[in-house]
Amino acid sequence: MALEDDINTLTVIVGKMVNEAGDPSGFDVRSWLDHWLMEEVPALGNRRPLDVLLEPNAVEMLSSLLLRAQSGAFS
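In the numbering used here, the protein residues as written are 49 to 123.
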């Protein structure tokens, strides 16, 4: 159950990001997150976020990663 709770937490975070970015109509937050969780992410050493979720403090690390991407920290 903890994994689903972590995914739900990340869904809320991404939802807030989308709302802050502008018009969220037509954007499926959960679908986007499900896709992102399965993709290899260079900032995670080419690991999948889903695999990272099995580690301690994963939600905090992934939240930070998403928020840095939103702010343009990786530009």
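Backbone N, C-alpha and C define an ideal beta-carbon position, used for all residues, glycine too.
(message) My output table needs one value for R78: the three-state DSSP class, helix, strand or coil.
(response) The residue you call residue 78 lines up with position 30 of the sequence shown. Looking at R78 - three-state DSSP - the assignment turns out to be helix.
(message) Just to check my reading of the structure: W80 and P97 have Cβ atoms closer than 8 Å, yes? What is that Cβ distance to the nearest angstrom?
(response) Working through the sequence shown from its first residue, we reach residue 80 at position 32. Working through the sequence shown from its first residue, we reach residue 97 at position 49. So it is not a contact: roughly 12 Å between Cβ atoms.
(request) Go through the stretch 89-114 residue by residue and report every complete run of the alpha helix (DSSP H) that reaches 4 residues or more, in order. (result) Taking only runs of at least 4 residues, the alpha helix (DSSP H) segments lying wholly in the stretch 89-114 are 97-100.
(request) Within its chain, find whatever has a CB closer than 7 Å to the CB of L51; leave out the 5 residues flanking it on each side and keep chain order. (result) Walking along the sequence shown from the start, residue 51 turns up at place 3. Hits under 7 Å: L101.
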